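K.L.:
Below you'll find the structure I mean.
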Amino acid sequence: MEAVANNQLVSIEKPEIVAPPNWEPVIIGILCNWCSYAGSDLTGTSRIQYPPNIRIIRVPCSSRVDPWFLIKSLQTTADGVLVSGCHPGDCHYISGNYYARRRFLVTKKLLNFVGFHEDRIQFSWVSAAEGPKFAKVVAKVTEDIKKLGPLHLYKKENFEK
Amino acid sequence: MKKVTYFPGCSAHGTSEEFDMTVKMVMKSLDVQMEEIPDWNCCGATSAHSLSETLAYALPLRNLVLAEKLDNATMAIPCASCYQRLKVTKVHMDDNPELARKINSTVIDEGTYKGKVAVKSMLQYCYEDIGLEAIKSKVTKSLAGMKLACYYGCLLTRPKNITHFDSPEYPMSMDHIVEALGAKATEFDYKTECCGASFSISDTEVVINLSSQILEMARESGAHAIVVACPLCQSNLDMRQPDIEKHTGKKINLPIFYFTQLMALAFGMSQKDMMFNKHIVPVEGALANIGKIEPEPEKVKKPRKAVEAESEVE
Amino acid sequence: MDYTKQIQEIASKLFAEGKIDVFVGYRLTGFDENQVPVLIRDQKDVSQLVFNDRSVFNLVNYLKYEHTRNKRVGLVVKGCDSRSLNLLLTESQVKRDKLYVVGIACEGVVDEQGNKMQNCMECVFPDAIVADEMLGTPHEVRKYKVNADIDELASKGLVDRRVYFEEVFENCIRCNACRHSCPLCYCAKCCIDQETATLYNGANTTSGAFHALMTWSLHLAGRCVDCRNCEKACPSHLPLHLLHKWNERVIYENFQEHLAGVHEGDRGAFYKYSMQDPDDFIM
Amino acid sequence: MARVGVFVCFCGANIADFVDVPKVVEEAKRIREVKFAIDYKYMCSDPGQQQIRDAITQYRLTSIVVAACSPRMHEKTFRKALSDAGMNPYLLEVANIREHSSWVHQKDKKAATEKASDLVRMAVAKSIANEQLHEISVPVTKRALVIGGGIAGIQAALDIADARIPVVLVEKSPSIGGKMAQLDETFPTLDCSQCILTPKMVDVASHPYIELIPYAEVLELEGFVGNYKAKIRKKASYVNFKTCTGCGTCWQKCPVKVPNEYNMGIDKRKAIYTPFPQAVPNKPVIDAAHCTMLTKGKCGICAKVCEKGSIDYKMQDEIIEREIGAVVVATGYDLWDPKPYEEYGVGRFKDIITSLEFERMVSANGPTNGVPVRPSDGKVPKNVVFIKCIGSRDEAKGIEYCSKICCMYTTKHTILLHHKVHDSHAYVFYMDIRAAGKGYEEFVKKAQVDTAATYLRGRVSKIYKKGDKLIVRGEDAQIGQVVEVVADLVVLATAVIPPKDNPDLARLLGVSYDKYGYMSEAHPKLRPVETAKAGIFLAGCTQAPKDIPDTVAQASACAAKVCGIFSGDTMKKDPMISTVNNEYCTGCQNCVKVCPYGAIVTEEVPMGHGSKEMRTVAKINEGVCQGCGSCVAVCRSMAISLAGFTDLQIINEIVSI
């Protein structure tokens with residue numbers, strides 16, 4: 030499946046609006062409390078540097094992440110979303126990330142189907158010990174989204190801050 | 261009438277002609293039609309798989325592809341080495357379709373491998389597909405009186421995850437077959453020990469050492485002869501026996517039979533066709549035991565209360 | 016495929032035996048050969064009932080309304096309909112012992128122009144899975160295949176798909192007919208209408224339609240049985256099945272060939288998991 | 025209108041060096057809802073907290089945002105500060121501007137400051153939606169259930185009961201004691217196992233706070249921590265324990281002989297029996313599978329000879345219920361069946377026995393009166409070969425893990441052999457000698473010197489018979505040669521495995537278990553005795569192979585945990601749990617399906633106000649819910665919300681960036 034779908038879905042999203050100078054993407058990071066949030070704290074305590082574009086939201090478990098949050102993020106403030114949870118088998122709540130994994134795949138593919146580039150939504154497993162990995166993941170996501178430019182698709186322009 | 265694909269292998273036309281011959285006789289009498297794979301080639305044993313992985317797979321794969329054209333469900337192979345190579349190839353090809361495609365491309369002229377023929381050794385075929393009852397029903401001249409040590413060698417049942425047949429360490433299928441023929445199978449602990457066949461040419465001393473232990477243990481178990489299901493086992497144990505006797509200074513005198521030879525014998529066929537004259541160790545002494553039934557030795561009373569599963573009432 | 020007579024007989028018998036309070040079936044519109052659903056409450060009305068290849072609607076939808084709630088209901092279901100019924104049973108929305116289900120081994124239905132419906136041509140389960148009584152000859156087992164239009168759209172470029180769907184979402188008027196016609200949308204208050212969702216985006220805009228339809232299709236992912244009630248109901252004639260069929264394909268190919276409503280007790284792909292689920296899209 | 029106070033911390037230089045803190049405060053003040061914003065050097069210090077407390081009263085704040093270090097660090101501290109000021113502690117939000125900003129963007133102060141401002145704005149937005157939450161208190165039934173009456177269960181039961189908490193101890197077999205009762209002496213001190221165990225067994229029987237239920241099993245456990253209800257099946261013993269005096273006439277007269285499990289089948293017991301002489305309770309039971317009265321209706325001798333008339337052939341299994349607050353699982357272990365070792369002739373050669381069989385033979389109360397003998401001919405063996413790692417560390421035939429205790433008990437066996445048969449010689453084939461433990465290495469060293477046993481490092485490849493001897497062929501890896509040892513007796517140190525029904529029990533209890541069948545602890549290092557299910561604890565080999573000291577230590581740890589739960593009449597619990605809005609709930613029960621804790625049940629509510637028609641909705645059990653939010657994400661009608669992480673709170677965060 031991966032091979033087929035990926036082949037079919039590879040094409041570059043052409044930015045219709047050229048990114049203004051000094052444009053910085055906004056990336057929302059939704060992290061589970063027990064592994065990834067702890068991992069991101071470790072990145073901090075280890076003073077590992079990563080791009081400052083990510084805004085982190087804490088949730089108890091990756092299974093708390095309703096696909097609706099991702100849609101909402103892309104529709105309102107975010108240029109890209111990163112969701113991160115515990116590695117399979119390490120879930121603090123036994124099985125949460127297995128359910129989440131299924132929803133993530135379908136959400137990612139569906140958004141891709143209706144016209145969002147795959148890299149707009151990314152997922153990672155980061156454990157509480159993987160501070161360096163978290164920095165790498167954030168750097169990759171930021172770089173990917175910088176390449177894609179600002180997201181304007183279905184943005185609610187008159188959104189009140 | 262059953263039908264089975266037959267892969268004789270090179271030794272069937274050389275050192276183990278008697279195996280080939282008796283297999284054909286026995287199968288005929290058991291109402292099994294054997295169809296030889298047309299234009300079969302070398303299984304690649306030893307030389308190929310120590311040199312090239314591709315060649316080691318490609319040679320047996322060609323045979324497997326050819327076998328599929330015959331439209332029989334099963335293929336039976338007398339030689340343990342051939343069996344091993346074909347079975348290993350089959351298992352690996354079935355497990356890894358990617359590899360199968362790659363190897364198949366080298367012999368694509370013969371056709372595409374589908375993996376629909378089961379590969380079995382002749383022993384396995386007799387035991388599983390023909391069955392003890394059918395064998396028993398054909399016995400006209402029971403081998404009662406004869407005590408036999410069944411020697412399986414290294415390849416017939418091992419490795420377990422490839423062969424999926426019998427126990428890898430203490431197999432019993434051949435024991436059951438010879439008992440179906442009326443003979444008594446002795447408790448023989450060396451039935452899967454190495455006979456040293458691969459050192460047959462390069463380091464004879466290893467062979468003499470290993471084979472002598474096998475023969476000695478068989479002798480000790482009270483056997484009149486050894487039964488094998490592999491041409492290499494047979495030639496090694498038979499041919500080396502005079503050397504071993506010279507080396508150890510002990511008389512062994514154990515003829516080495518193919519299990520099909522004994523089947524043919526019990527089925528009442530003519531001894532002439534069994535080519536006993538090809539044996540180095542003369543067989544007459546062992547065959548003389550047929551019919552001599554020893555009285556059962558009285559059971560030694562167990563001094564300690566035995567462990568019994570069922571309850572008993574005093 | 017015409018079971019009008021049989022269905023009339025069955026309904027009549029059920030009323031006569033006092034086994035049902037209401038029978039949900041199809042009747043002719045009265046002005047053309049097309050049909051509309053009808054709720055029969057009396058034996059004398061059973062002559063209105065018809066069933067042939069114009070019986071397109073999924074009647075399971077009518078089990079979610081008050082007319083049938085806690086009543087003993089007789090119901091006609093085709094293969095696809097029965098799968099949605101199966102899901103409603105699994106999700107405790109209807110009680111099996113209150114239903115009398117007339118299952119159809121469906122030959123496929125036609126649209127208003129008389130052409131065979133596309134979903135019928137790709138139908139995997141034409142025979143009713145849940146039934147007390149079956150009409151028609153059962154079909155051989157069919158294999159799932161990906162819709163041609165899904166394939167076509169997926170093979171287009173990302174930009175093309177974006178343009179395509181932008182138009183879809185732009186044309187949505189947020190009338191919610193799709194939701195009302197869907198047998199599996201039975202929530203007391205749809206999440207799209209709830210305060211949290213509407214707080215930042217309740218408007219009838221392209222963005223709002225995107226949000227609503229995405230959420231809706233994700234709630235039906237792994238549950239949609241492709242009965243196309245939603246498409247038939249849509250006044251803007253949006254190709255809503257594309258979203259559902261795409262999800263169905265992703266789920267079928269990734270999650271052990273899951274298809275919605277085939278087994279009783281199977282809630283849908285999001286309510287179970289396997290250790291073998293794809294993990295390579297996650298860093 | 026919300027009134028939010030924002031408190032930005034310098035954290036000394038940790039934040040202030042890389043984030044322009046005054047700017048963050050300035051930005052915060054521009055947010056409509058923020059009525060007060062201030063920075064301070066150390067917000068977590070007492071003066072810092074005092075500022076928060078003061079501001080709360082002075083500015084009538086409705087929620088508080090502290091921008092400082094990770095909430096994993098000081099959330100509790102600041103919550104307490106809110107509490108002290110009379111404000112609900114859950115109205116606090118922490119913006120993590122240290123770990124997530126100043127420490128990771130040290131090269132770009134402007135970006136770090138912007139990010140910090142954003143994080144503060146997100147926290148403010150979230151805090152507006154914060155609700156007042158209150159710690160949940162759950163009533164507690166102060167009674168513990170201990171499953172398994174081996175040394176782990178005995179120790180846990182005694183420790184809990186000594187704290188004056190009632191204990192229900194359920195044991196599967198007719199007597200408590202477990203595997204330890206079968207042992208002769210224990211390493212590394214060679215204490216007599218019976219001498220240290222039996223007093224504890226007697227204590228259990230006589231303890232006023234322990235209800236001992238032998239010959240029984242747990243059928244069902246429902247409820248949640250502090251409020252479990254257990255169903256226990258008492259198997260029919262056919263003997264009235266109330267009147268039986270344990271005189272023993274019945275089993276002396278019983279004519280039916282059955283292999284004796286206690287002695288590993290080496291000798292026989294009767295069909296009416298006590299498992300061993302020191303059994304507790306010391307009352308016999310009838311083995312229904314073998315008693316001819318029960319199977320064929322013939323005999324009845326025991327009933328005739330019993331003076332008290334205690335025999336009741338019509339007795340039925342009885343199901344009883346107990347309300348309990350916590351469970352200790354101590355089901356122990358089994359030994360691996362070495363049958364797959366066909367090259368050793370296991371099953372064909374009678375003189376190959378397992379270590380526990382050897383243990384029974386050398387035991388003073390054993391079937392051979394403490395002298396090891398060859399099962400084939402009853403002769404006392406001279407050359408005994410011990411083979412370790414049978415099944416352990418063997419991926420091909422057995423299991424991957426190390427069984428931990430075999431090295432030590434094999435060493436003990438060489439000593440016992442040396443004591444019982446003075447002219448004997450022991451050979452030990454080993455892979456490694458794992459003697460980690462207090463006094464263990466010394467014990468092995470001393471044993472090697474005292475017994476002069478031959479230690480051969482290597483695996484045994486084959487055992488065959490020559491005459492009445494067994495020839496053990498193996499490798500001596502230290503000399504790199506194949507060696508053969510002529511043995512009279514071979515003893516296999518078989519692997520420790522979990523009891524066969526452990527997974528069943530685990531499922532019944534709602535506890536997870538690993539691929540071998542051992543029950544899983546909540547955390548391998550920091551929560552080694554708890555399971556993921558609150559109120560269920562693990563002691564001994566039910567969790568992993570252990571020796572007696574470790575088992576006893578873990579059992580006592582369980583007791584401490586149980587006593588912790590029972591320290592008050594109610595238990596306090598974090599309020600971050602799910603709640604169901606009945607109005608929106610459709611009763612589809614998807615949440616029931618995905619809840620990893622079984623915390624969701626259903627209830628019937630009226631269709632509408634005053635309606636007689638009922639409908640089903642989900643109901644969250646406060647005591648069980650752990651607050652993961654799985655149910656929230658699968659609830660299509662958004663009827664479930666998770667306190668502290670509601671949809672509104674998260675959406676507020678998303679849209680406020």
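Protein chains in written order, with the numbering used here: chain A, 30 to 190; chain B, 261 to 574; chain C, 16 to 298; chain D, 25 to 681. Cβ atoms here follow ideal geometry from the backbone N, Cα and C, with glycine treated the same way. Bear in mind the structure is a predicted one, so any value in this text is a computation, not a measurement.
Can you name the residues of chain D whose CB is closer than 7 Å to the CB of K101 (chain A)?
P.N.:
Within the first sequence, numbered from 1, the residue matching residue 101 (chain A) stands at position 72. Per Cβ cutoff of 7 Å: I675, I678.
K.L.:
Going along chain B, which residues have a C-beta under 7 Å from E508 (chain D)?
P.N.:
In the fourth sequence, residue 508 (chain D) corresponds to position 484, counting from 1. The contacting residues do not exist; E508 (chain D) stays about 11 Å from chain B at best.
K.L.:
If you measure from the beta carbon of E347 (chain D) to each beta carbon in chain C, is any gap under 8 Å?
P.N.:
Here residue 347 (chain D) refers to the residue found at position 323 of the fourth sequence. It does not: the Cβ of E347 (chain D) has no partner Cβ on chain C nearer than 8 Å.
K.L.:
Relative to the C-alpha of V616 (chain D), which candidate in C:L228, C:E106, C:L54 has its C-alpha closest?
P.N.:
For this step, residue 616 (chain D) is matched to residue 592 along the fourth sequence. With distances taken between Cα atoms, V616 (chain D) lies closest to C:E106.
K.L.:
So with Cβ pairs under 8 Å, would you call Q130 (chain D) a contact of chain A?
P.N.:
In the fourth sequence, residue 130 (chain D) corresponds to position 106, counting from 1. Interface residue, yes.
K.L.:
Taking Cβ-Cβ distances below 7 Å as the criterion, which residues of the stretch 143-156 of chain A are in contact with chain C?
P.N.:
Those residues of the stretch 143-156 of chain A that come within reach of chain C (Cβ to Cβ, closer than 7 Å) are V143, G144, H146, Q151, F152, S153, W154.
K.L.:
Is N187 (chain A) close to chain D, meaning its C-beta is less than 8 Å from at least one C-beta of that chain?
P.N.:
Start at 1 with the first residue of the first sequence, and residue 187 (chain A) comes out as number 158. Its pLDDT being 39, under 50, N187 (chain A) is placed unreliably in this model, and the coordinates cannot settle the point.
K.L.:
Can you have a look at W52 (chain A) and say buried or exposed, based on whether 16 or more other CB atoms are within 10 angstroms of its CB?
P.N.:
As a working mapping, residue 52 (chain A) is identified with position 23 in the first sequence. Under this definition W52 (chain A) is an exposed residue.
K.L.:
Of all the CB atoms in chain A, is at least one closer than 8 Å to the CB of T221 (chain C)?
P.N.:
For the purposes of this step, residue 221 (chain C) is taken as the residue at position 206 of the third sequence. So yes, T221 (chain C) belongs to the interface.
K.L.:
Rounded to whole angstroms, what is the Cα-Cα separation between E279 (chain C) and H82 (chain C)?
P.N.:
One-based indexing of the third sequence puts residue 279 (chain C) at position 264. One-based indexing of the third sequence puts residue 82 (chain C) at position 67. Each residue's alpha carbon lies about 25 Å from the other.
K.L.:
Going by DSSP, what residues sit across from K193 (chain D) in a beta bridge?
P.N.:
For the purposes of this step, residue 193 (chain D) is taken as residue 169 along the fourth sequence, with counting starting at 1. Correcting the residue type first, residue 193 (chain D) is Leu in the shown sequence and not Lys. Per DSSP, D:V170, D:L236.
K.L.:
Does I644 (chain D) get closer than 8 Å to chain A when you measure Cβ to Cβ?
P.N.:
Reading the fourth sequence from its first residue, position 620 is the one you call residue 644 (chain D). Output row for I644 (chain D): interface = no.
K.L.:
Which bits of chain A does A163 (chain C) rub up against, with CB to CB less than 8 Å?
P.N.:
Residue 163 (chain C) sits at position 148 when you count from the first residue of the third sequence. Per Cβ cutoff of 8 Å: no residues; A163 (chain C) is ~14 Å from chain A at best.
K.L.:
By how many angstroms is the C-alpha of G534 (chain D) removed from the C-alpha of F265 (chain D)?
P.N.:
Here residue 265 (chain D) is taken as the residue at index 241 of the fourth sequence, counted from 1. Here residue 534 (chain D) is taken as the residue at index 510 of the fourth sequence, counted from 1. Spanning the two alpha carbons is a distance of roughly 33 Å.
K.L.:
Evaluate R45 (chain C) with the Cβ neighbour count: other Cβ atoms within 10 Å of its Cβ, from every protein chain shown; 16 or more gives buried, anything less gives exposed.
P.N.:
Sequence index remark: in the third sequence, residue 45 (chain C) carries index 30 (1-based). As written in the sequence, residue 45 (chain C) is Gly, which differs from the Arg given in the question. Its Cβ having fewer than 16 others within 10 Å, G45 (chain C) is exposed.
K.L.:
When DSSP labels each residue in this structure, what does D96 (chain C) get in the three-state scheme?
P.N.:
Residue 96 (chain C) sits at position 81 when you count from the first residue of the third sequence. DSSP places D96 (chain C) in helix when its eight states are reduced to three.
K.L.:
For Q104 (chain A), which residues in chain C fall below 8 Å Cβ to Cβ?
P.N.:
Counted from its first residue, the first sequence places residue 104 (chain A) at position 75. Simply N216, S222, F225, H226.
K.L.:
State whether the stretch 355-371 of chain D contacts the stretch 329-338 of chain D, with contact taken as three or more CB pairs (one from each stretch) at a distance under 8 Å.
P.N.:
With the cut-off at 8 Å, the stretch 355-371 of chain D and the stretch 329-338 of chain D do not touch.
K.L.:
Whose C-alpha, out of B:Q501, B:K532, B:M353, B:F527, is nearest the C-alpha of I395 (chain B)?
P.N.:
Against the second sequence, residue 395 (chain B) aligns to sequence position 135. Of the listed residues, the one whose Cα sits closest to I395 (chain B) is B:F527.
K.L.:
Compute the Euclidean distance between the alpha carbons of S471 (chain B) and P338 (chain B), then round it to the nearest angstrom.
P.N.:
Locating residue 471 (chain B) in the second sequence gives position 211, counting from the first residue. Locating residue 338 (chain B) in the second sequence gives position 78, counting from the first residue. The alpha-carbon atoms of S471 (chain B) and P338 (chain B) are separated by roughly 21 Å.
K.L.:
Return the first residue and the last residue of the alpha helix (DSSP H) that M149 (chain C) is part of.
P.N.:
Taking the first residue of the third sequence as 1, we reach residue 149 (chain C) at position 134. Per DSSP, M149 (chain C) belongs to no alpha helix (DSSP H); it is in the beta strand (DSSP E), 148-150.
K.L.:
I want to see whether chain A comes within less than 8 Å of T230 (chain C), judged by CB atoms only; does it?
P.N.:
Along the third sequence, one-based indexing puts residue 230 (chain C) at 215. It does; some Cβ of chain A falls within 8 Å.
K.L.:
What is the C-beta distance between I121 (chain D) and L143 (chain D), in whole angstroms, given that I count them as a contact (C-beta under 8 Å)?
P.N.:
Here residue 121 (chain D) refers to the residue found at position 97 when the fourth sequence is read from its first residue. Here residue 143 (chain D) refers to the residue found at position 119 when the fourth sequence is read from its first residue. I121 (chain D) to L143 (chain D), Cβ: 6 Å. Contact.
K.L.:
Just tell me which of B:V351, B:I504, B:N421 has its CA closest to the CA of K253 (chain B).
P.N.:
Residue 253 (chain B) lies beyond the stretch modelled for chain B, which goes from 261 to 574, so this question has no answer here.
K.L.:
Using a Cβ cut-off of 8 Å, which residues of the stretch 197-209 of chain C contact any Cβ in chain D, in chain order?
P.N.:
Listed in sequence order: Y201, C202, A203, K204, C205, C206, Q209.
K.L.:
Can you give me the Cβ contacts of K444 (chain D) inside the same chain, cut-off strictly under 8 Å, excluding the 5 residues immediately before and after it?
P.N.:
The residue labelled residue 444 (chain D) in the question sits at position 420 within the fourth sequence. Excluding residues within five positions, the ones whose Cβ falls inside 8 Å are V386, G394, V395, P396.
K.L.:
Less than 8 Å separating the beta-carbons of G647 (chain D) and L666 (chain D)?
P.N.:
As a working mapping, residue 647 (chain D) is identified with position 623 in the fourth sequence. As a working mapping, residue 666 (chain D) is identified with position 642 in the fourth sequence. No; because the gap between Cβ atoms is not below 8 Å, this pair is not in contact.
K.L.:
At the 8 Å Cβ level, is K565 (chain B) part of the contact set with chain D, yes or no?
P.N.:
Position 305 of the second sequence, counted from the start, is the residue given in the question as residue 565 (chain B). Here K565 (chain B) scores only 46 on pLDDT, less than 50, and its place in the model should not be relied on; the value that follows carries that caveat. Yes - at least one Cβ of chain D is within 8 Å of the one on K565 (chain B).
K.L.:
Taking DSSP's pairing of strands, which residues face D142 (chain C) in a bridge?
P.N.:
Counting from one through the third sequence, the residue named residue 142 (chain C) turns up at place 127. Answer by DSSP bridge pairing, in chain order: C:A120.
K.L.:
In whole angstroms, give me the CA-to-CA distance for L319 (chain B) and T372 (chain B).
P.N.:
In the second sequence, the residue the question calls residue 319 (chain B) occupies position 59. In the second sequence, the residue the question calls residue 372 (chain B) occupies position 112. One C-alpha to the other measures close to 14 Å.
K.L.:
Is there contact here, the stretch 120-138 of chain D with the stretch 170-185 of chain D, by at least three beta-carbon pairs under 8 Å?
P.N.:
No: the two stretches stay apart, fewer than three of their Cβ pairs being nearer than 8 Å.
K.L.:
Closest to K162 (chain A) by C-alpha separation, out of A:L182, A:A129, A:K175, A:S113, would be which residue?
P.N.:
If you number the first sequence from 1, residue 162 (chain A) lands on position 133. Measuring from the Cα of K162 (chain A), the nearest candidate turns out to be A:S113.
K.L.:
Comparing C-alpha positions only, which one of D:K570, D:A568, D:P569, D:V553 sits nearest to L562 (chain D)?
P.N.:
Taking the first residue of the fourth sequence as position 1, residue 562 (chain D) is located at position 538. Considering only alpha carbons, the answer is D:V553.
K.L.:
Pairs of beta-carbons, one from the stretch 52-71 of chain C and one from the stretch 124-134 of chain C, closer than 8 Å: are there three or more?
P.N.:
The stretch 52-71 of chain C vs the stretch 124-134 of chain C: in contact.
K.L.:
Determine which residues share a DSSP beta bridge with K253 (chain D) and list them.
P.N.:
Counting from 1 along the fourth sequence, the entry for residue 253 (chain D) is found at position 229. D:E246, D:E347, per the DSSP bridge assignment.
K.L.:
In or out: Y77 (chain C) buried (at least 16 other Cβ within 10 Å) or exposed?
P.N.:
To locate residue 77 (chain C), count along the third sequence from 1; it is residue 62. Buried: at least 16 other Cβ atoms inside 10 Å.
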